[in-house]
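Residue 26 in the UniProt record's numbering is what sits at position 26 of the sequence shown, and the numbering runs on without skipping anything. We put the beta carbon where it would ideally sit given N, CA and C, even for glycine. Here's the structure we're looking at; comments come further down.
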Amino acid sequence: MKSDIRLLALDLDNTLLNSEKKISEANQHILKQCEREGIRVVTASGRFFHSQLSFTDQLSTKIQNNWHVCNGGAGIYAGHELIWREHGFKADVFEALLKQIRKTSLFYFVDTVSKVYYDHTLTAMPSQRAQQVMRNPYVYRTTCIDNIKAPVRIIFYCRNEKEVAAAHQIQTKGAVAYDGGDKIVEIAPKSLNKAQALARVCTHYGILPEQVAAIGDDENDLQMIKMAGIGIAMCHSSEGLIKNADIIGAYDCDHDGVAEIVKRYILSK
């Protein structure tokens, strides 16, 4: 199966990145082949803007300067410049979510695309992954989490499955919770997802949705693979993603799954 694909959209964690958070040599090589065949390569990740930069900076200059979807669809950047961002939660929705969260012992971050905040008054113990996030220079401690301007996501770095389940119980009209993988739960406005941001990228480049191949592994990739002409799930993907994928890859992220998929289904030769 070879198709008229003009744009390849790639999730990062557990897709392009292996479990050690590295881009394999085989995956690097296949992306260069895509470039040679005129297929534009973009990343579409739930990672924070500054975190995602550290990975796109490892790709070719041409790919670095493409439009990339960051923060789960809340932002788009090219090179090191943030060029578009979502407006975020309505004030009443954000207030209702915080009210529910404060009844739990969950540790959370509030994402504004360019900056990330956590509540200085929290008594909840952050997970090891959350502690790593807190060390980044774009992450700020605040005593006024309610007053943060233009929040686009609330993100829980959970310590166990019990906390994951508790985070999913936080609901209000106008917001949706979904898994980001690795015990991460994201709450975002219902209109916010990777697909709506990727549609902007396609419009910018004059590319139709049917000319897009998208590869992902978790719930936050679902809308993206559904909008793409070819929606592809990694073999270790969540059940929901596998059910909605056109293709399921043969290999996981630790065995060059992206390279195998692109070679078999996307490249012309």
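Distance, I187 Cα to E163 Cα: Each residue's Cα considered, the two are about 14 Å apart.
Chain-order list of residues whose beta-carbon lies under 7 Å from that of E37 (same chain, five-residue window excluded): If we look at E37 and ignore the five residues flanking it on each side, its Cβ neighbours are L267, S268.
Closest residue to F156 among L10, G46, L16 (Cα-Cα distance): Among L10, G46, L16, the Cα nearest to that of F156 is on G46.
K190 beta carbon less than 9 Å from that of G174: In this structure, G174 places its C-beta atom within 9 Å of the C-beta atom of K190.
Beta-carbon gap between P126 and F107 smaller than 9 Å: Cβ distance < 9 Å, so P126 and F107 count as in contact.
Burial state of D179 (16 or more Cβ within 10 Å): By the 10 Å Cβ count, D179 comes out buried.
I154 versus A91: straight-line alpha-carbon distance, rounded: Spanning the two alpha carbons is a distance of roughly 13 Å.
Between the CA atoms of A214 and M1 - distance to the nearest angstrom: With a pLDDT of 49 at M1, under the threshold of 50, the modelled position of this residue cannot be trusted; read the value that follows with caution. In a straight line, the C-alpha of M1 is about 15 Å away from that of A214.
Contact set for I207: own chain, Cβ-Cβ below 7 Å, skip 5 residues either direction: Counting only Cβ-Cβ distances below 7 Å, and skipping sequence neighbours, we find R6, L7.
Local conformation of F89 per DSSP, three classes: Assigned with DSSP and collapsed to three states, F89 falls in coil, not helix or strand.
Exposed unless 16 or more other CB atoms sit within 10 angstroms - verdict on C144: So C144 counts as exposed.
Cβ separation of G73 and V113, assumed to be a contact under 8 Å, to the nearest whole Å: The pair is not a contact, with the Cβ atoms about 10 Å apart (cut-off 8 Å).
The beta strand (DSSP E) enclosing Y205, as first and last residue numbers: Per DSSP, Y205 is not a residue of any beta strand (DSSP E); the alpha helix (DSSP H) it occupies stretches across 194-205.
Expected contact under 8 Å - CB spacing of A233 and G249 to nearest Å: The beta-carbon distance between A233 and G249, rounded to whole angstroms, is 7 Å. This is short enough to meet the 8 Å contact definition.
Residues of its chain near D11, where Cβ-Cβ distance is below 7 Å and the 5 sequence neighbours each way are ignored: Answer for D11: A44, S45, I215, G216, D217, D221, listed in chain order.
Neighbourhood of V201 by C-beta, 7 Å cutoff - its chain only, sequence neighbours within 5 removed: These residues qualify, in order along the chain: V42, W67, V69, I76.
Beta strand (DSSP E) runs contained entirely in the stretch 76-123, provided each spans 3 or more residues: With a minimum length of 3 residues, the unbroken runs of beta strand (DSSP E) contained wholly in the stretch 76-123 fall at 81-85, 108-111, 116-119.
Short Cβ contact (9 Å threshold) for D182 with N65: No, they are not a contact pair.
Residue from Q171, A165, K226 with nearest C-alpha to K194: Comparing Cα positions, the closest option is K226.
DSSP beta-bridge partners of P189: Under DSSP, P189 forms a beta bridge with A175.
The stretch 240-258 in contact with the stretch 24-34 per 3-pair CB rule at 8 Å: Output reads yes: the stretch 24-34 touches the stretch 240-258.
Three-state secondary structure (DSSP) of G216: Three-state DSSP puts G216 in a strand.
Pair within 9 Å by beta-carbon distance, K111 and F55: With the sequence shown as reference, residue 111 is identified as Asp, and Lys is not the correct amino acid for it. In this structure, F55 does not lie closer than 9 Å to D111 by Cβ.
Pairwise C-alpha distance: K115 and K99: Rounded to the nearest angstrom, the two C-alpha atoms are 22 Å apart.
First and last residue of the uninterrupted alpha helix (DSSP H) at G257: Where G257 is concerned, the enclosing alpha helix (DSSP H) starts and stops at 257-261.
Burial state of R40, where buried means 16 or more other Cβ atoms lie within 10 Å: Looking at its Cβ environment, which holds 16 or more other Cβ atoms inside 10 Å, R40 is buried.
As assigned by DSSP and simplified to three states, the class of T56: DSSP places T56 within a helical segment (H, G or I) once states are collapsed to three.
Among N18, G88, F94, T61, the one whose alpha carbon lies nearest that of H80: In this structure, T61 is the residue among N18, G88, F94, T61 with its C-alpha nearest to the C-alpha of H80.
Beta-carbon proximity check, L16 vs C253, cutoff 9 Å: In this structure, C253 lies closer than 9 Å to L16 by Cβ.
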